[in-house]
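Below: the structure, in structure tokens.
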Amino acid sequence: MRHDPSSGPVAARVEALNARYRNHAAIAVLRHALSDPAVGRIALVSSFGAESVVLLHMIAVLDRATPVVFIDTQMLFAETLSYQAEVAAQLGLSDVRTIRARPAALAAHDPDRLLHKSDSDACCALRKAEPLERALAPFDAWITGRKRFQGQTRARLDFFENEADQRIKVNPLAHWRPADVRDYMLNNRLPRHPLVARGYPSIGCAPCTGRVKDGEDPRAGRWRGQEKEECGIHLVNGKLVRGPVADDARQDQEEAAMNVIVTDTGFAADDRGGDFQSPDLPGATALDLAPDADVSVLQGRLEGVDIIRIAFPAFSDGRGFTMARRLRMMGFAGRLRAAGHVIADQYAMARRAGFDEVEITPDLARRQPWEQWQARADWRTHDYQKRLRGLA
Ligand code: SF4
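The structure is reproduced here in structure tokens:
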């Protein structure tokens, strides 16, 4: 279905689609997504992982000629490759497009296949995001199997998402619970990924997927030991864009309240008034970075930037500290702000990582008044910050 240009920009179409199909069931959302001109040309992106067969089966029932994009990172389990061939044949899917990173890019950036150990974001960008962006170029929308229950970053997922004003992301299973997935597979006698029975409820690349223990989050085995929850890097037209849209929505809602700034000298009002831009905007002087942004993309683009705000979706999420250190190493000398769920115990760590200030909600400021931050702001005894800036 070709997108009807008269149906307006992506953001407006997403809003209208969410309103139109708000109370629909997953299969109805999918049926409409395949035919609604406001959605346009659409493909299913499938990892052929633990739960992928649900959407693949729905697609096969509705229109088996729907393009299905399968990203072969060339780091997948052998079981995934054989399962992919088996499922595609069994369901009669007639347009499965296997995509891979360009050989020249692999040779240049990951010749020994060890990039995932040193920089998993760069590896995901190379092996997933760039090939996916190429594969999605002819499409106006893509279908994902993401669900709200799969973690904090997906807790507010809608059926339709605006992907950087470029494309629509459709999540027909957004509201499904694990029991719905299980029931659908049982009722339709769908084949299970062979690794599920061996303790892998969520399956990605072999080096970055481990077994999950009873009671753990199903995605706990993905990038275990790292502060990474999603592939993270999203490229649109070759440019870095912010992380999961669910994060954006939550952040947008919280931004209005995030107006207490903590510095070494006390609490202050937000002098920027939330005035930050996406890093893909040329000439932006105040940047907003998601916790999974790849700061290396900013190399050579930091001149004129006077402040960067890095989001902390949870106090247990340490990715922002790493990003701050990397930005200082890259020579960024402007203000760095840690924004979100940072607690007083972390103030010294934030200062040592290179942050100048912390932005918290009024509610957090009430629960942790200035005295608590002051008592812990002992970072000067270990002044790594000057060293990072090359000043000591
Ligand atoms: S999941 Fe791991 S191996 Fe796969 S692309 Fe990402 S970092 Fe690389």
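Every position in the sequence shown, counted from 1, becomes a number in the numbering used here once 2 is added.
Each residue gets a CB set at the ideal place from its N, CA and C atoms; glycine is no exception.
Check                                                                                                                  : Outcome
Residues of its chain near Asp97, where Cβ-Cβ distance is below 6 Å and the 5 sequence neighbours each way are ignored : Ala67, Pro69
Ranges of the beta strand (DSSP E) found wholly within the segment 263-321, counting only runs of at least 3           : 268-271, 288-291, 309-314
Cβ pair count under 8 Å reaching 3, the segment 111-123 against the segment 50-57                                      : no
Chain-ordered list of residues that sit, by beta carbon, closer than 6 Å to a heavy atom of ligand 1                   : Thr75, Met77, His118, Ser122, Cys125, Cys126, Arg129, Lys130, Gly206, Cys207, Pro209, Cys210
Thr100: first and last residue of the uninterrupted alpha helix (DSSP H) it sits in                                    : Careful: Thr100 lies outside any alpha helix (DSSP H), inside the beta strand (DSSP E) at 98-101.
Span separating the alpha-carbon of Met351 from that of His343                                                         : 14 Å
Cα-Cα separation, Glu81 to Leu197                                                                                      : 7 Å
Neighbourhood of Leu64 by C-beta distance below 7 Å, restricted to the same chain and skipping five residues each side : Leu32, Arg33, Leu36
Assigned secondary structure, Trp178 (DSSP; H/G/I helix, E/B strand, else coil)                                        : coil
Run of the alpha helix (DSSP H) containing Glu135, from where it starts to where it stops                              : 132-138
Exposure of Met331, with buried meaning 16 or more beta-carbon neighbours within 10 Å                                  : exposed
Rounded Cβ spacing between Ala166 and Ile44 (contact assumed at less than 8 Å)                                         : Not really, about 17 Å apart at Cβ, beyond 8 Å.
Thr267 classed as buried or exposed, judged by whether at least 16 other C-beta atoms fall within 10 angstroms         : exposed
Three-state class that DSSP yields for Ile235 in the structure shown                                                   : Unreliable positioning characterises Ile235 in this predicted model, as indicated by a pLDDT of 40, which lies under 50. The coordinate reading is nonetheless provided below. Coil at Ile235, not helix or strand.
Short Cβ contact (8 Å threshold) for Thr146 with Lys171                                                                : yes
C-beta atoms of Pro281 and Phe314 nearer than 8 Å                                                                      : no
Per-residue DSSP class, three states only, for Phe72                                                                   : strand
Pair within 8 Å by beta-carbon distance, Leu329 and Ile310                                                             : yes
Of the residues Glu361, Gly10, Thr324, Gly51, the one placed nearest Gly275, counting alpha carbons only               : Glu361
CA nearest to the CA of Gly399, picked from Ile61, Phe72, Arg327                                                       : Here the chain has residues from 3 to 394 only, and residue 399 is not among them.
Within 8 Å, strictly: CB atoms of Arg378 and Ala341                                                                    : no
Ala355: first and last residue of the uninterrupted alpha helix (DSSP H) it sits in                                    : 349-355
Identity of the residues DSSP links to Gly342 by a beta bridge                                                         : Phe314
7 Å Cβ shell around Asn190 - same chain, five flanking residues per side excluded                                      : His59
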